[in-house]
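Step one of this worksheet: look at the structure below.
2 protein chains.
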Amino acid sequence: MSSPGTSRPARGEARQRLLDAALAVIRAQGYAATSVEDLCAAAGVTKGAFFHHFRSKEDLAVAAAEHWSALTGALFAAAPYHAHEDPLARVLGYVDFRRDLIRGSLAEFTCLVGTMTQETFATAPAIRDACAASITGHAGTLEADIAEAMQRYGVRGAWTPRSLARHTQAVLQGAFILAKATDDPDAARDGIAHLRRYIALLFGQTPAEETLP
Amino acid sequence: MSSPGTSRPARGEARQRLLDAALAVIRAQGYAATSVEDLCAAAGVTKGAFFHHFRSKEDLAVAAAEHWSALTGALFAAAPYHAHEDPLARVLGYVDFRRDLIRGSLAEFTCLVGTMTQETFATAPAIRDACAASITGHAGTLEADIAEAMQRYGVRGAWTPRSLARHTQAVLQGAFILAKATDDPDAARDGIAHLRRYIALLFGQTPAEETLP
DNA sequence: GACAAGAAACCGACCGGTCGGTATGTCTCT
DNA sequence: AGAGACATACCGACCGGTCGGTTTCTTGTC
Chain A
1 MSSPGTSRPA RGEARQRLLD AALAVIRAQG YAATSVEDLC AAAGVTKGAF FHHFRSKEDL
61 AVAAAEHWSA LTGALFAAAP YHAHEDPLAR VLGYVDFRRD LIRGSLAEFT CLVGTMTQET
121 FATAPAIRDA CAASITGHAG TLEADIAEAM QRYGVRGAWT PRSLARHTQA VLQGAFILAK
181 ATDDPDAARD GIAHLRRYIA LLFGQTPAEE TLP
Chain B
1001 MSSPGTSRPA RGEARQRLLD AALAVIRAQG YAATSVEDLC AAAGVTKGAF FHHFRSKEDL
1061 AVAAAEHWSA LTGALFAAAP YHAHEDPLAR VLGYVDFRRD LIRGSLAEFT CLVGTMTQET
1121 FATAPAIRDA CAASITGHAG TLEADIAEAM QRYGVRGAWT PRSLARHTQA VLQGAFILAK
1181 ATDDPDAARD GIAHLRRYIA LLFGQTPAEE TLP
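Protein sequences appear in the order of chains A and B. FYI, in the working numbering the residues of the first sequence are 1 to 213. FYI, in the working numbering the residues of the second sequence are 1001 to 1213.
Here it is in structure tokens:
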């Protein structure tokens, strides 16, 4: 009973709690609309703790983007799609994995760094760069599989593994915006279905759903 | 010399100037980070004028989204791609037109309502709905051409004209986010190139760039 | 293992400035 | 004269950030 859950957190947890709170609150409200006190209240810590661990609100945003990268990096590194022998199956498995991650509320499954990018790209370069590193770094985990699939399937075109990898992230980000605008997670699933179809077509596959009887 | 440009605007212009300023400032800074006084300064009007024409900051955001819809609606209605006889050429012409609109700074060619959606989807339903109407309304202008192209080219699949039309908007929105994150308009062009390739593949075309010698 | 001493973690009152919004007055046009 | 279109002064709430202080952990010494 040394760590009583929602009441006062144990010593040493404040930084972690603030970062976790930042993911949830900023995804729901946006960066600019989230006050330092909002974060403190959500984390159950005081303002003193906040500015002990972070020099400024902007500093926290950068740390939150890095925290996001670490969390999502671990999630995808442990995902089952890596087990496929066929590199194209790994790429399509990634897309399916992203589709299956769409659960719960919009703020729960959408992307922190995509949200923060829109708000800070012109005004807070440090945050923007941290967001860019998160997105491109994650895209980078797809490049090797795409390159290998291109080789195995003898595909070449006016696009590179890097370009396609980054495009997957663009489609996901855009799908999230549509879902937010229409307040409907299915809009995100639709976008991901189109992405999957595109990749299958690029590699000469006919999507299973479209084989006619 | 009754309307001396940057100095005091003529009477009757305040509302229009505020809406135009909102497009520029909110696209650059985001909605929450833009204060009413920022808007007034950019428009060259006083706070009194602002609250004479708009009941609240949120009210202005809704009006700005509608203003955005009207402006972009006129721009696309007058665009040359409608002249093609082939409906697929009209659809691909739309995509090319979007590509050619990428000029100038990021804030100049990216989408107001995509930005505002991210910030307000969970906190300001009125703004979100105005943004959704702008996006889905614009997507709607593509549906008829897509449907006609499907018929002419005998294409059927597990997707509808509406789904593909909305997907084009999602890809564009996502491409803008990538461009903002990497501070590089070419990231947006890359995303649009992938979108064009996807549509071509859906309709059984081999993109010109990929025909091998 | 007792204990002093420093460092790190945390607390919460407080500050100057900014925010969205209001109240009221003035100008202009009909 | 009346109404719409502003302009100006102002308000209370809130914001990011500071600061002096307290508690808790760690470390060195004997």
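The beta carbon of each residue, even a glycine, is placed where N, CA and C say it ideally should be. Remember, it's a predicted structure, so these values are computed and weren't measured experimentally.
Name the residue from ILE1135(B), ILE1177(B), ARG1196(B) whose alpha carbon lies nearest to the alpha carbon of ARG1286(B).
Coverage of chain B is limited to positions 1001 through 1213, which leaves residue 1286(B) absent and any answer about it impossible.
By alpha-carbon positions, which one of ASP96(A), ASP129(A), GLN118(A), VAL45(A) ends up nearest to GLU66(A)?
The residue given as residue 66(A) occupies position 66 in the first sequence. It is ASP129(A).
Is GLY5(A) helix, strand or coil when you go by DSSP?
Position 5 of the first sequence holds residue 5(A). Interpretation of GLY5(A) is limited by its pLDDT of 37, a score under 50 that renders its predicted location unreliable; no figure is taken from the coordinates.
Can you give me the C-alpha to C-alpha distance between PRO1087(B) and GLY157(A), rounded to a whole angstrom?
As a working mapping, residue 1087(B) is identified with position 87 in the second sequence. As a working mapping, residue 157(A) is identified with position 157 in the first sequence. If I take the Cα positions, the gap works out to 25 Å.
With C-beta atoms as the reference, is ARG90(A) less than 8 Å away from ILE192(A)?
If you number the first sequence from 1, residue 90(A) lands on position 90. If you number the first sequence from 1, residue 192(A) lands on position 192. Result no, Cβ atoms of ARG90(A) and ILE192(A) do not sit closer than 8 Å.
Exposed or buried, which one is ARG1011(B) when buried takes at least 16 other CB atoms within 10 Å?
Here residue 1011(B) is taken as the residue at index 11 of the second sequence, counted from 1. Exposed is the call here.
Which residues of chain B have a Cβ atom closer than 8 Å to the Cβ of TYR153(A), listed in chain order?
The count along the first sequence starts at 1 and reaches residue 153(A) at position 153. Here the premise fails: no neighbours, minimum Cβ distance about 14 Å.
Could you pull the start and end residues of the alpha helix (DSSP H) that ILE135(A) belongs to?
Start at 1 with the first residue of the first sequence, and residue 135(A) comes out as number 135. ILE135(A) -> alpha helix (DSSP H) spans 125-152.
Using CA coordinates, which residue listed in ALA1024(B), ILE1026(B), GLY1104(B), TYR1031(B) is at the minimum distance from ALA1124(B)?
Locating residue 1124(B) in the second sequence gives position 124, counting from the first residue. ALA1124(B) has its Cα closest to that of TYR1031(B), out of ALA1024(B), ILE1026(B), GLY1104(B), TYR1031(B).
Go through its chain and collect everything with a Cβ distance to LYS47(A)'s Cβ below 8 Å, but skip five positions before and after it.
Position 47 of the first sequence holds residue 47(A). Only VAL36, GLU37, CYS40 meet the Cβ criterion.
In the structure shown, what three-state DSSP assignment does GLY1157(B) receive?
Mapped onto the second sequence, residue 1157(B) falls at position 157. If DSSP states are grouped into helix, strand and coil, GLY1157(B) belongs with the strands.
Since ASP190(A) meets chain B, which of its residues come closer than 9 Å, beta carbon to beta carbon?
By 1-based counting over the first sequence, the position of residue 190(A) is 190. The contacting residues are TRP1159, SER1163, ARG1166, HIS1167, ALA1170.
Buried or exposed for HIS1080(B), going by 16 or more other Cβ atoms inside 10 Å?
Stepping through the second sequence from its first residue, residue 1080(B) is reached at position 80. In the sequence on display, residue 1080(B) carries Pro and not His. PRO1080(B) should be labelled exposed.
Taking all protein chains shown into account, do 16 or more other C-beta atoms lie within 10 angstroms of the C-beta of LEU18(A), making it buried, or fewer, making it exposed?
Numbered from its first residue, the first sequence carries residue 18(A) at position 18. By the neighbour-count rule (16 or more Cβ atoms within 10 Å), LEU18(A) is buried.
Can at least three beta-carbon pairs, one atom from the stretch 1180-1187 of chain B and one from the stretch 178-186 of chain A, be found at a separation below 8 Å?
Judged by Cβ distances under 8 Å, the stretch 1180-1187 of chain B makes no contact with the stretch 178-186 of chain A, as fewer than three pairs qualify.
Examine chain A for any beta-carbon lying closer than 8 Å to the beta-carbon of GLN1118(B), and answer yes or no.
Taking the first residue of the second sequence as position 1, residue 1118(B) is located at position 118. It does; some Cβ of chain A falls within 8 Å.
Is it buried or exposed, ALA149(A), if we count other Cβ atoms within 10 angstroms and call 16 or more buried?
As a working note, residue 149(A) is residue 149 in the first sequence. By the 10 Å Cβ count, ALA149(A) comes out buried.
Is it right to say GLY1114(B) is buried, meaning 16 or more other beta carbons lie within 10 angstroms of its own, or is it exposed?
Within the second sequence, residue 1114(B) is the residue found at index 114, counting from 1. That one is buried.
In chain A, which residues lie with their C-beta within 8 Å of the C-beta of ILE1146(B)?
Taking the first residue of the second sequence as 1, we reach residue 1146(B) at position 146. In chain order: nothing, as chain A lies at least about 13 Å away.
At 3 residues or longer, and completely inside the stretch 73-102 of chain A: list those beta strand (DSSP E) runs for me, N to C.
Taking only runs of at least 3 residues, no beta strand (DSSP E) segment lies wholly in the stretch 73-102 of chain A.
Please name the residues in the stretch 15-44 of chain A whose beta-carbon is closer than 7 Å to at least one beta-carbon of chain B, in chain order.
Taking 7 Å as the Cβ-Cβ cut-off against chain B, the residues of the stretch 15-44 of chain A that qualify are ALA28, GLN29, GLY30, ALA32, ALA33.
Are the C-beta of HIS1194(B) and some C-beta of chain A separated by less than 8 Å?
Within the second sequence, the letter at position 194 stands for residue 1194(B). Closer than 8 Å: yes.
Looking only at its chain, what residues have a beta carbon closer than 7 Å to the beta carbon of TRP68(A), apart from the 5 residues adjacent to it on each side?
Position 68 of the first sequence holds residue 68(A). Excluding positions up to five away in sequence, the list reads LEU23, LEU112, VAL113, SER134.
Leaving out the 5 sequence neighbours to the left and right, which residues in its chain are closer than 8 Å to VAL1095(B) when beta-carbon positions are compared?
Within the second sequence, numbered from 1, the residue matching residue 1095(B) stands at position 95. Within the same chain, VAL1095(B) has close Cβ partners THR1168, ILE1192, LEU1195, ARG1196, ILE1199.
Helix, strand or coil, according to DSSP, for PHE1203(B) in the structure here?
In the second sequence, counting from the first residue as 1, residue 1203(B) sits at position 203. In the structure shown, PHE1203(B) sits in coil (DSSP, three-state: anything other than H, G, I, E or B).
Within the same chain, show all residues whose beta-carbon is closer than 6 Å to that of LEU164(A), passing over the 5 residues directly before and after it, in chain order.
For the purposes of this step, residue 164(A) is taken as the residue at position 164 of the first sequence. Contacts found: ILE146.
Taking Cβ-Cβ distances below 7 Å as the criterion, which residues of the stretch 63-75 of chain A are in contact with chain B?
From the stretch 63-75 of chain A, no residue has a Cβ closer than 7 Å to chain B.
Taking 8 Å as the threshold (C-beta atoms), are ASP1190(B) and ARG152(A) in contact?
Counted from its first residue, the first sequence places residue 152(A) at position 152. Counted from its first residue, the second sequence places residue 1190(B) at position 190. No. Outside cutoff.
Tell me, please, whether the CB atom of GLY1114(B) is closer than 8 Å to any CB atom in chain A?
Residue numbering aside, residue 1114(B) sits at position 114 when the second sequence is read from its first letter. It does; some Cβ of chain A falls within 8 Å.
Using a Cβ cut-off of 8 Å (strictly closer), state whether THR1141(B) contacts chain A.
Locating residue 1141(B) in the second sequence gives position 141, counting from the first residue. It does not; no Cβ of chain A falls within 8 Å.
Between LYS1180(B) and chain A, is any beta-carbon pair separated by less than 8 Å?
In the second sequence, residue 1180(B) corresponds to position 180, counting from 1. At least one chain A Cβ lies under 8 Å of LYS1180(B).
Note down, in chain order, each residue of its chain lying with its Cβ closer than 8 Å to the Cβ of GLY1204(B), except the 5 sequence neighbours on either side.
The residue you call residue 1204(B) lines up with position 204 of the second sequence. So the qualifying residues of the chain are TYR1153, VAL1155.
Compare the Cα-Cα distances from GLU108(A) to each of ASP20(A), ARG27(A), GLU13(A), ALA14(A) and report the closest residue.
Translated into the one-based positions of the first sequence, residue 108(A) becomes position 108. Considering only alpha carbons, the answer is ARG27(A).
Can you name the start and end residues of the alpha helix (DSSP H) that ARG1011(B) belongs to?
Here residue 1011(B) corresponds to residue number 11 of the second sequence, with the count starting at 1. That residue, ARG1011(B), is in no alpha helix (DSSP H); it is neither H nor E in DSSP.
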